[in-house]
Amino acid sequence: MGKSGSGKTSMRSIIFANYIARDTRRLGATILDRLHSLQINSSLSTYSLVDSVGNTKTFDVEHSHVRFLGNLVLNLWDCGGQDTFMENYFTSQRDNIFRNVEVLIYVFDVESRELEKDMHYYQSCLEAILQNSPDAKIFCLVHKMDLVQEDQRDLIFKEREEDLRRLSRPLECSCFRTSIWDETLYKAWSSIVYQLIPNVQQLEMNLRNFAEIIEADEVLLFERATFLVISHYQCKEQRDAHRFEKISNIIKQFKLSCSKLAASFQSMEVRNSNFAAFIDIFTSNTYVMVVMSDPSIPSAATLINIRNARKHFEKLERVDGPKQCLLMR
């Protein structure tokens, strides 16, 4: 959720509909056509309300669900952010919107001139969550950070984070700075999705075993549709802390180029005198990236090891029954 113009729909289109940042400038009120082309089930629910002078107005809440890792289903509600809509969420639609919520993601425009009103709506959301879904996880995205002067970003984000944590009590909230123009958006959403995976510790343990067996420096799992990093193991510290998100962004743009040629992305190998990296389809819901610091190991050997591990990781994805995770936006 978030006020109108905070960037909710642009953010969603980049993560879940494979838009690139510059294409979000031409987004309309919905992105249903693009979602349907990616086999993301989406529908519009239309609500009516009567304003203070007796005029009836309608508004749309777009509901989509995306399947992650087999049985994990993310249900997304893209709610309008206009004042009239926001007030309606907290009156006639309060129980319908805020019941059985697993996650609330609230988007703040860092340059908003109505910060007090933004905080008021956020607190109203928290009250509704506390009443209807007290166990929900809360995430706050301080968005459009690219509009802030670089030398002021740390200070401004720290101040907003402190305010949001204070206002969120007794609930706990996790805060992220985000921009559609850099890797911070992928980092935030990867962190959110990571907390929704029910067997993530088991997944990480098996990734570690796999990496040690094949003597890999690093192994990453990407969700197949969004290319968000959902789990990883590394045997030593790497210099670039944002490398995962940068790779996600690069591969998604490459996949988009492939789709324009009616082709699909299958695999990639990058090799030089210092390392070899492989990105390949892993399970029905994931890609895997394997980084080897010994480039003398034949590609065929690494690819065989990836193929042999597929069945084992497919079993890990089969949890009992579909898990429903509702993301409010």
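Its first residue numbered 475, the sequence shown is counted upward by one per residue in our numbering.
Idealized CB from N, CA, C, for every residue including glycine.
All of these numbers come straight from a predicted model, not from anything done at the bench.
Is serine 664 near valine 703, with beta carbons less than 8 Å apart?
Residue mapping note: residue 664 aligns to position 190 of the sequence shown, counting from 1. Residue mapping note: residue 703 aligns to position 229 of the sequence shown, counting from 1. Yes, the Cβ-Cβ distance between serine 664 and valine 703 is below 8 Å.
Inter-residue Cα distance where the pair is arginine 508 and serine 487
Counting from one through the sequence shown, the residue named residue 508 turns up at place 34. Counting from one through the sequence shown, the residue named residue 487 turns up at place 13. Here arginine 508 scores only 43 on pLDDT, less than 50, and its place in the model should not be relied on; the value that follows carries that caveat. If I take the Cα positions, the gap works out to 9 Å.
With the cut-off set at 8 Å, would you say glutamine 727 and isoleucine 494 are in Cβ contact?
Here residue 727 is taken as the residue at index 253 of the sequence shown, counted from 1. Here residue 494 is taken as the residue at index 20 of the sequence shown, counted from 1. Taking 8 Å as the Cβ cut-off, glutamine 727 and isoleucine 494 qualify as a contacting pair.
For the beta strand (DSSP E) that contains leucine 694, what are its first and last residues?
To locate residue 694, count along the sequence shown from 1; it is residue 220. Counting along the chain, the beta strand (DSSP E) containing leucine 694 begins and ends at 692-697.
Look at the Cβ atom of isoleucine 671, then the Cβ atom of cysteine 647, and state whether they are nearer than 8 Å.
On the sequence shown, residue 671 is found 197 positions in, with the first residue counted as 1. On the sequence shown, residue 647 is found 173 positions in, with the first residue counted as 1. Contact flag unset, no.
Output needed for arginine 573: all residues of its chain with C-beta closer than 8 Å, excluding positions within five of it in sequence on either side, in chain order.
The residue labelled residue 573 in the question sits at position 99 within the sequence shown. Excluding sequence neighbours, arginine 573 sits near Asn606, Ser607.
Assigned exposure category for leucine 681 - 16 Cβ within 10 Å defines buried:
Numbered from 1 along the sequence shown, position 207 holds the residue referred to as residue 681. Per the 10 Å Cβ criterion, buried.
In whole angstroms, give me the CA-to-CA distance for isoleucine 753 and arginine 568.
Mapped onto the sequence shown, residue 753 falls at position 279. Mapped onto the sequence shown, residue 568 falls at position 94. Taking the straight line joining both Cα atoms gives about 44 Å.
For serine 773, which residues of its own chain have a beta-carbon under 8 Å away from its beta-carbon, when the five flanking residues on both sides are left out?
Reading the sequence shown from its first residue, position 299 is the one you call residue 773. Here the set comprises Glu743, Arg745, Ala750, Phe752.
When the cut-off is 8 Å and only beta carbons count, does leucine 589 lie next to chain B?
In the structure shown, chain B cannot be found, because there is only a single protein chain.
Which of the three DSSP states is assigned to glutamine 513 in this structure?
Translated into the one-based positions of the sequence shown, residue 513 becomes position 39. Low confidence applies to glutamine 513: its pLDDT is 40, below 50, so where it sits in the model is not reliable, and the reading given next is rough at best. Coil, per DSSP.
On the three-state DSSP scale, how would you describe glutamine 708?
Mapped onto the sequence shown, residue 708 falls at position 234. Note: glutamine 708 maps to strand in three-state DSSP.
Where the alpha helix (DSSP H) through lysine 482 begins and ends
By one-based count along the sequence shown, residue 482 stands at place 8. 482-490 is the extent of the alpha helix (DSSP H) around lysine 482.
Sort Tyr660, Leu645, Ser738, Met619 by Cα distance to glutamate 585 and report the nearest one.
By one-based count along the sequence shown, residue 585 stands at place 111. Of Tyr660, Leu645, Ser738, Met619, the residue nearest in Cα terms is Met619.
Throw me the rounded Cβ distance for the threonine 658 and isoleucine 489 pair, which I believe falls under 8 Å.
In the sequence shown, the residue the question calls residue 658 occupies position 184. In the sequence shown, the residue the question calls residue 489 occupies position 15. The Cβ separation is near 12 Å, so there is no contact.
Endpoints, beta strand (DSSP E) assigned at glutamate 719
As a working note, residue 719 is residue 245 in the sequence shown. No beta strand (DSSP E) holds glutamate 719; the alpha helix (DSSP H) holding it covers 717-734.
Coarse secondary structure for leucine 518, derived from DSSP in three states:
Here the question's residue 518 lines up with position 44 in the sequence shown. A caution first: leucine 518 carries a pLDDT of 45, below 50, which makes its placement in the model too unreliable to give a value.
Mind checking isoleucine 778: buried by the 16 CB within 10 Å criterion, or exposed?
Mapped onto the sequence shown, residue 778 falls at position 304. Isoleucine 778 should be labelled exposed.
What do you get for isoleucine 780, buried or exposed, if any count of 16 or more other CB atoms within 10 angstroms of its CB means buried?
Position 306 of the sequence shown, counted from the start, is the residue given in the question as residue 780. Under this definition isoleucine 780 is a buried residue.
If I measure Cβ to Cβ from glutamate 678 and keep anything under 7 Å in the same chain, skipping five residues before and after, which residues do I get?
Position 204 of the sequence shown, counted from the first residue, corresponds to residue 678. Cβ neighbours of glutamate 678 beyond the five flanking positions: Ser705, Tyr707.
Cysteine 614 versus Ser480, Ala775, Ile571, Phe787, residue with shortest Cα-Cα distance
In the sequence shown, counting from the first residue as 1, residue 614 sits at position 140. Among Ser480, Ala775, Ile571, Phe787, the Cα nearest to that of cysteine 614 belongs to Ser480.
From isoleucine 571 to asparagine 748, what does the alpha carbon distance come to, in whole angstroms?
For this step, residue 571 is matched to residue 97 along the sequence shown. For this step, residue 748 is matched to residue 274 along the sequence shown. C-alpha separation (whole angstroms): 52 Å.
Arginine 682 - partner residues in DSSP beta bridges:
Residue mapping note: residue 682 aligns to position 208 of the sequence shown, counting from 1. Paired residue(s): none; arginine 682 is not in a bridge.
Residues in its own chain within less than 8 Å of glutamate 692 by CB, not counting five upstream and five downstream?
On the sequence shown, position 218 is the one that residue 692 refers to. For glutamate 692, where only same-chain residues beyond five positions count, the Cβ hits under 8 Å are Ala685, His706, Tyr707, Gln708, Cys709, Gln712, Met763, Val764, Val765.
Using only the alpha-carbon positions, how far apart do glutamate 633 and arginine 717 sit?
Reading the sequence shown from its first residue, position 159 is the one you call residue 633. Reading the sequence shown from its first residue, position 243 is the one you call residue 717. Distance between the alpha carbons of glutamate 633 and arginine 717 is about 27 Å.
Are phenylalanine 696 and serine 722 touching if we call contact CB-CB under 8 Å?
Walking along the sequence shown from the start, residue 696 turns up at place 222. Walking along the sequence shown from the start, residue 722 turns up at place 248. For phenylalanine 696 and serine 722, yes; Cβs fall inside 8 Å.
Between the alpha carbons of lysine 789 and glutamine 675, how many angstroms are there, rounded?
Residue numbering aside, residue 789 sits at position 315 when the sequence shown is read from its first letter. Residue numbering aside, residue 675 sits at position 201 when the sequence shown is read from its first letter. Between lysine 789 and glutamine 675, the C-alpha separation is close to 15 Å.
Taking a contact to mean a Cβ-Cβ separation below 8 Å, would you say leucine 589 touches serine 642 in this structure?
Counting from one through the sequence shown, the residue named residue 589 turns up at place 115. Counting from one through the sequence shown, the residue named residue 642 turns up at place 168. Cβ atoms of leucine 589 and serine 642: not closer than 8 Å.
Measuring CA to CA, which of Glu791, Asn492, Asp497, His539 is closest to asparagine 673?
One-based indexing of the sequence shown puts residue 673 at position 199. Here the closest residue by C-alpha is Glu791.
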